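The structure appears below as structure tokens.
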Amino acid sequence: MSRHLEAGLAVLGAVALVLVAWAAPWLKFVLTLALAKGIAVLGILLLLRAGQVSFGHAMFLAVGAYTVAFLAPEMPEALLLLPLGALFGTALGLVVGLFVARYRDIFFGMLNLALSMVLYSLLEKLYALTKGTDGIRVAGLTFGGVQPARETQEWIMFALALGLALGFGLLVRAYLGSPMGRALAGIKTRETRLEFMGVPARRVLLFAYVLSACMGGTAGALVAMTSRHVTPQLAYWTSSGELVFIAILGGAGSALGPFLGAVAFELVRVYAAAQVADAWQMILGGVLLAVILFAPGGVWGILSARLKTRT
Amino acid sequence: MAMGIDATRVTLLTFTFGAALAAFGGALASPTTSLVPGVGAQTIVLSFAVVATAGLGQIEGAAVSALLIGLGRSVAVYFAPEFEVVVPYIIMVAVLLVRPQGLFGVPETRRV
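Those protein sequence lines, which keep their order, are chains A and B.
Last residue of the first sequence: 312 (our numbering), numbering continuous.
Last residue of the second sequence: 183 (our numbering), numbering continuous.
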């Protein structure tokens, strides 16, 4: 029953997003970024299933984004840049994952944080290559060989983000249902028992890590193409913290959680920043505290509990 | 718990004492660093790098590795200023690659 519920909600959500983007064109940009971040948070969700929190996941987002920014002048084809961003994210994920998959809990989180800070420092300090904190402007992109008008391009990016969000959502659902995805929960409860059963825990975690890095890279490429400007800020710890924040806000119970969380987060941020420019961070912090204290399952938890009691 | 020790109370006291020490450290460091609202994050990452390099729970070890990392940074400022910020992490990663439990840490037995 909950399968149909999830699928129905996903379709409903997608339709709602399209309607909102159509009715309020300025929100299209916000929603595209929200969907991109949702894809990155989907990666965090995989690691949360194994009980591990990565405080440095924004590094994969930054790698995807900088891939686009570096390559765009020579090769402006967005449909090639997107998979390349994902590829570089995956490659870095494999290298970093081989190292961090050996550690658990606080070590896992902080090593990720440390490595993302290394990337941030390099992006900031190697001025000749990355233009430092000024960042790089992403050159004009083409889609299938043509350079569309601004309005069309915004719609294409929105559609790409939505399509990829649905695709990755389905992938993550299938993965979490598979034996390898189930083993992630085993890492959370008692890893040694998993190994007694002959399941190599480190490899299970590594696979999840690389998959989540791939999603981070994709999200980064989408962010770079949408905002058309990349800065080292993307790799900074606050960006990683934001992703973890969204994961908790949305709830880890379902592949829909990250997207619910991301859309809620971006909308709260946009409106809070417009209404009370000085205190929007305080409002976000208050929302997070309220979620942790009163709704540990996040937005998804509230929603599914509501729907289950009714049916 | 079974031995009559109130675990919650011990955690509370430890947390309080840890927070007090952190505040004390901040007060000591404030005259020599610039104060910005985000100063805590930079410090917590560095502090963890120090603690992880030393090994969790190693008090003397933490002092030694703090010295190691601090001197490492100063040397880097002289030789390769661009990479000064990266040095603590490189030291930590290098140490953890060879000794996952840290320089002075004792390996833990795994629970079944």
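C-beta: ideal position from N, C-alpha, C; glycine also.
Fair warning: this is a prediction, and the values are worked out from it, not measured in the lab.
Taken through DSSP and simplified to helix, strand or coil, H58 (chain A) comes out as coil.
Going by beta carbons, I140 (chain B) and V110 (chain B) fall outside the 9 Å limit. Contact between A63 (chain A) and A236 (chain A) holds, since their C-beta atoms are separated by about 4 Å, short of 8 Å. In the three-state DSSP reduction, I137 (chain A) falls in the strand class (E or B).
Listed as beta-bridge partners of F144 (chain A) by DSSP are A:V147. Per DSSP, T227 (chain A) is one residue of the alpha helix (DSSP H) stretching across 202-228.
The beta carbons of S122 (chain A) and V157 (chain B) sit about 5 Å from each other, so the pair counts as a contact at 8 Å.
Below the 8 Å Cβ cutoff, chain B contributes no neighbours of F109 (chain A), its closest Cβ being approximately 11 Å away. For the options A:M181, A:G221, A:S228, the alpha carbon positioned closest to that of L48 (chain A) is the one of A:M181. The Cβ atoms of A17 (chain A) and K189 (chain A) do not sit closer than 9 Å to each other. By the rule that beta-carbons nearer than 9 Å mark a contact, P178 (chain B) does not touch chain A. Close to chain A, meaning a Cβ-Cβ distance shorter than 9 Å, are the following residues of the segment 140-162 of chain B: P152, E153, F154, E155, V156, V157, P159, Y160, I161. Here DSSP, grouped into helix, strand and coil, assigns V157 (chain B) to helix.
Check the Cα spacing between V231 (chain A) and each of A:A278, A:A59, A:E75, A:R203: the tightest is with A:A59. Going by beta carbons, C215 (chain A) and G39 (chain A) fall outside the 9 Å limit. Counted as a single uninterrupted DSSP element, the stretch harbouring K132 (chain A) is not any alpha helix (DSSP H), since DSSP gives it neither H nor E. From the beta-carbon of A123 (chain B), the residues of chain A found nearer than 9 Å are I107, F108, M111, L112, A115. A distance of 9 Å or more separates the beta carbons of A73 (chain A) and V147 (chain A).
Counting only Cβ-Cβ distances below 8 Å, R103 (chain A) has contacts in chain B at P171, in chain order. As computed with DSSP, V231 (chain A) is found in a beta bridge with A:I137. For E179 (chain B), the three-state secondary structure derived from DSSP is coil. Under the Cβ criterion of 9 Å, W281 (chain A) is not counted among the residues facing chain B. Chain-order list of chain A residues neighbouring A112 (chain B): W238, T239, by C-beta distance under 8 Å. Nearest to V97 (chain A) by C-alpha distance, out of A:V211, A:I284, A:R229, is A:V211.
Non-local beta-carbon contacts of M118 (chain A) in its own chain, meaning distances under 7 Å to residues more than five positions away in sequence, involve W238 in chain order.
Per DSSP, M181 (chain A) is one residue of the alpha helix (DSSP H) stretching across 180-190. Short of 8 Å from the beta carbon of E196 (chain A), and not among the five residues preceding or following it, lie these beta carbons of its own chain, in chain order: A202. Straight across, the Cα-Cα distance linking L165 (chain A) with G187 (chain A) is about 29 Å. Interface annotation for the segment 116-133 of chain A against chain B: L116, M118, V119, Y121, S122, L123, E125, K126, L127, Y128, criterion Cβ-Cβ distance under 9 Å. Taking L28 (chain A) as the centre and dropping the five residues before and after it, the same chain places the C-beta of V21, A22 closer than 7 Å to its C-beta, in chain order. The Cβ neighbour count for P259 (chain A), taken over all protein chains shown within 10 Å, is at least 16; the residue is labelled buried. Residue contact check for V116 (chain B) against chain A: a CB pair falls below 9 Å. The Cβ neighbour count for S179 (chain A), taken over all protein chains shown within 10 Å, is under 16; the residue is labelled exposed. If you compare the alpha carbons of A:G254, A:V277, A:G141 with that of V300 (chain A), the shortest gap goes to A:G254.
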